[in-house]
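Beneath this line is the structure, given in structure tokens, with notes to follow.
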Amino acid sequence: MKKIFKVKNNDFDFYYIDEKKLKILEKISKEEFKIKKEFKNSERNYVADIVVDNQNYILKDNKNEYKKFFYIIKKIFLNSDGVQILKNSIKVREEGFNNFAKIIGIIEKRKFRVLKKSFVIMEKVEGRVCEEDFLKDKAIEVVKKLHFIKRYHGDCNPYNFIEEKKNKEVKIIDSKMKKMILGNYRAHYDMLTMQLDSYSNMKYPYSKNIYYYIALAVKKLKKL
1 MKKIFKVKNN
11 DFDFYYIDEK
21 KLKILEKISK
31 EEFKIKKEFK
41 NSERNYVADI
51 VVDNQNYILK
61 DNKNEYKKFF
71 YIIKKIFLNS
81 DGVQILKNSI
91 KVREEGFNNF
101 AKIIGIIEKR
111 KFRVLKKSFV
121 IMEKVEGRVC
131 EEDFLKDKAI
141 EVVKKLHFIK
151 RYHGDCNPYN
161 FIEEKKNKEV
171 KIIDSKMKKM
181 ILGNYRAHYD
191 MLTMQLDSYS
201 NMKYPYSKNI
211 YYYIALAVKK
221 LKKL
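If you read the sequence shown in my numbering, its first letter stands for residue 1, the second for the next number, and so on.
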């Protein structure tokens, strides 16, 4: 696997694979950036389009990791979600999957191993959200490619996919791209999320096996 660099600077740890990106991460840690647009600002997470040295990036802050007790305890012993996403992004690229926004790096702050801050910095993909049916179909094809390498999306809704303005390719902009471990249950769960939540007339792409019906039951139970 490609090497991940880790550098400590003052209170922050920086994780990255391209040494040229360290200065960007350092500037963000010092709040030397402008917020162009906030996409989400809730108790659970924060997502914004930021500008550093006239270049746009996406900043994501999963507040759950250092605000909810269960996550706080878990992250003492495990990587933050950001570091795991960075590792997964390297692995899926090596497995031939490239349809995702590049991870610039991760900024972390810990005290006695307890996670205090964790920012994921990503490239900004210029284009349009896959809201129309033909764009959703393109997004589904991308997800099928992810499933082919035995990984899953985890939040398969149109707003997590962008069709690039230049080359018209669809890219995933929010996914941990974790490994599937229980048959193709997660593949069915991804597709049912798209179909039941956003695309009712979608042509279902997979054969309906036992994992399909388990995923369907779980989806319905969550809506009760």
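From the three backbone atoms N, C-alpha and C, an ideal C-beta is built for every residue, glycine too.
This one's a predicted model, so the numbers in the text were calculated from it and none came from an experiment.
According to DSSP, residues forming a beta bridge with residue i
i, result
"residue 110", "115"
"residue 162", "129 and 171"
"residue 35", "50"
"residue 100", "172"
"residue 12", "9 and 109"
Minimum C-alpha distance to residue i - residue among the options
i, options, result
"residue 149", "88, 83 and 216", "88"
"residue 135", "46, 24, 15 and 199", "199"
"residue 85", "28, 158, 68 and 153", "153"
"residue 215", "187, 224 and 40", "187"
"residue 78", "196, 59 and 115", "115"
"residue 106", "130, 91, 146 and 59", "59"
Presumed contact (8 Å Cβ cut-off) between residue i and residue j, rounded CB distance
i, j, result
"residue 117", "residue 111", "Not a contact, Cβ separation roughly 10 Å."
"residue 50", "residue 36", "6 Å"
"residue 47", "residue 28", "With 8 Å as the limit, residue 47 and residue 28 do not qualify as a contact, their Cβ atoms being about 14 Å apart."
"residue 194", "residue 156", "5 Å"
Exposure label - residue i; buried when at least 16 CB within 10 Å
i, result
"residue 128", "exposed"
"residue 217", "exposed"
"residue 1", "exposed"
"residue 82", "buried"
"residue 159", "exposed"
"residue 161", "buried"
Heavy atom of the ligand ZN within 7 Å of residue i beta-carbon
i, result
"residue 115", "As for the ligand ZN, it is missing from this structure, which has no ligand bound."
Three or more C-beta pairs closer than 8 Å, one from the segment 84-104 and one from the segment 62-69: is that the case here? no
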